[in-house]
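Take a look at the structure below.
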């Protein structure tokens, strides 16, 4: 991991760009004097729109977490931002668009083609980022994962023992096989659901919540569409990480 | 309303018993010096087990609320505790027991007979209690309603404009007609659901949440049975009242 940029934001948060192999990423930490012990880390997941497009929402989440004493980090997803496009993903997206324009229900095959290769590629990258981040003296465990493509969060929760708690956003297509992986999740989960999410199947989200194997899991459903998660729901999610990562 | 007893609990909370006509009730308030302004009030709902049986849980909720600056009050439900038994309710309970012992699904008729007369009798009593409580100089508005028989909470939210926000517990039988009343609710709602509540129909609870007309409503589902609401869920509900009653 090589740091490529550093800037101090106006509220005393240091933002450092880095590159890990060919994957760009960002690390945020508070500079406050009280943060002399290694900070617990939250990995910030995001959809496949690219880091620069997602930056405003990511930096808002990072600042919020920094105020609570957390370091946060994120990396670009495979095929997003400036990373090379994945031809199979482009085909799956074109198929998805066609089905949605025809008002057809999205088929399991297209959901699988969209999501499963992305999960297979992304998860080892997030694990490599975790190796690099946890080797920094200013970052400690335990680690949380928050948001983004929910299937990436599920897989990480199953395969990565350093992740101790996760906030998942039930707002994207979930392949049927991921329901089986969900049963293997045992870490505490805080699941956000936008009740009127236009791009989300509410019943599938409830079924997925039911499937998680975790003994502590809670579902927080709020009104509004995909991007309308209210501020207070973010505060409650922050308290969840406070309970489990400190 | 006549006060019948007064005691100071060890954390500086004053508990006063009262009688309103023939209905016993309890009022809790903090004695802390910072509470010189009239305190916002939360009405504490409860199931039909009687105030003395529910006392340990009620006083715990009252202390929690008092620490946040809220006054809390509750009254005995019709037919509960030392109040005269209601013959129709006893018949409905016997019918319910018979159906449950026979492992039959509980019929709509029995749910209606159990709940609707209770709502019709209880709601004007809670409103009368509200009149009396709000006439005390140390208590101000706005008022919240929390927990208990959810149909009483729904009716109060519809007919009582002084109630500004409600925490509802999706854990009891709900007559079909109450779904229509739920559509008329417009105040902010915070709905708690125990995901594995043995006595509760989860799908009916989700349908009821969907029916509420409120623009701000959120559903908080946690693991465990009827009485297993985790402490952190209570904290989040307290924050909801903080946002809406202060």
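Protein chains in written order, with the numbering used here: chain W, 1362 to 1607; chain R, 1362 to 1607.
Glycine included, C-beta positions come from ideal geometry on N, C-alpha and C.
Per DSSP, which one or two residues make a beta bridge with residue i?
i	result
residue 1380 of chain W	W/1363, W/1385
residue 1400 of chain W	W/1500
residue 1455 of chain W	Bridge partners of residue 1455 of chain W: none, in fact.
residue 1392 of chain W	In DSSP, residue 1392 of chain W forms no bridge with anything.
residue 1506 of chain R	R/1404, R/1527
residue 1369 of chain W	W/1375
residue 1609 of chain W	In the structure displayed, chain W extends from 1362 to 1607; residue 1609 of chain W sits before or after that span and is not available.
residue 1582 of chain R	W/1580, R/1554
What in chain R is Cβ-close to residue i, meaning under 7 Å?
i	result
residue 1578 of chain W	1584
residue 1425 of chain W	Correct list: empty, because the minimum Cβ distance to chain R is about 16 Å.
residue 1447 of chain W	Per Cβ cutoff of 7 Å: no residues; residue 1447 of chain W is ~36 Å from chain R at best.
Which residues in chain W have a C-beta closer than 8 Å to the C-beta of residue i? List them in chain order.
i	result
residue 1567 of chain R	1567
List, in order along the chain, the chain R residues whose C-beta lies closer than 9 Å to that of residue i?
i	result
residue 1369 of chain W	Near residue 1369 of chain W there are no residues of chain R at all, since even the closest Cβ is about 32 Å away, more than 9 Å.
residue 1604 of chain W	1593
Identify the contact partners of residue i in chain W, using a Cβ-Cβ distance below 9 Å as the criterion.
i	result
residue 1581 of chain R	1579, 1580, 1581, 1582, 1597
My assumption, with CB atoms under 8 Å, is that residue i sits in contact with residue j. Please give the rounded CB distance.
i	j	result
residue 1584 of chain W	residue 1556 of chain W	6 Å
residue 1574 of chain R	residue 1546 of chain R	5 Å
residue 1409 of chain R	residue 1438 of chain R	5 Å
residue 1509 of chain R	residue 1527 of chain R	Residue 1509 of chain R to residue 1527 of chain R, Cβ: 10 Å. No contact.
residue 1406 of chain R	residue 1442 of chain R	Incorrect: roughly 15 Å between the Cβ atoms, too far for contact.
residue 1484 of chain R	residue 1535 of chain R	Incorrect: roughly 15 Å between the Cβ atoms, too far for contact.
residue 1567 of chain R	residue 1505 of chain R	No, residue 1567 of chain R and residue 1505 of chain R are not in contact; Cβ-Cβ is about 23 Å, not under 8 Å.
residue 1387 of chain R	residue 1434 of chain R	7 Å
residue 1582 of chain R	residue 1553 of chain W	Actually they do not touch by this definition, with Cβ atoms about 12 Å apart.
residue 1429 of chain R	residue 1603 of chain R	6 Å
residue 1462 of chain W	residue 1468 of chain W	Not quite, the Cβ-Cβ distance comes to about 14 Å (not below 8 Å), so this is no contact.
residue 1490 of chain W	residue 1471 of chain W	Rounded, the Cβ-Cβ distance is 29 Å, inconsistent with contact.
residue 1524 of chain R	residue 1400 of chain R	Not really, about 16 Å apart at Cβ, beyond 8 Å.
residue 1511 of chain W	residue 1530 of chain W	6 Å
residue 1436 of chain W	residue 1376 of chain W	Rounded, the Cβ-Cβ distance is 14 Å, inconsistent with contact.
Using a threshold of 7 Å, is the CB atom of residue i nearer than that to any non-hydrogen atom of the ligand SAH?
i	result
residue 1388 of chain R	Among the components of this structure there are no ligands whatsoever, and the ligand SAH is therefore not found.
Compare the C-beta of residue i with all C-beta atoms of chain C and state if any pair is closer than 8 Å.
i	result
residue 1453 of chain R	Among the chains of the structure shown, chain C does not appear; the protein chains present are W and R.
What residues in the segment 1588-1599 of chain R bring their beta carbon closer than 9 Å to a beta carbon of chain W? 1591, 1593, 1594, 1596, 1597
Using a Cβ cut-off of 9 Å, which residues of the segment 1539-1556 of chain W contact any Cβ in chain R, in chain order? 1552, 1554, 1556
Report task. Jot down the residue ranges of each uninterrupted alpha helix (DSSP H) in the segment 1410-1481 of chain W, minimum 4 residues, whole runs only, in chain order. Result -> 1412-1428, 1448-1462
request  = Kindly provide the ranges of any alpha helix (DSSP H) runs that are 4 or more residues long and lie completely inside the segment 1526-1566 of chain R, ordered along the chain.
outcome  = 1537-1544
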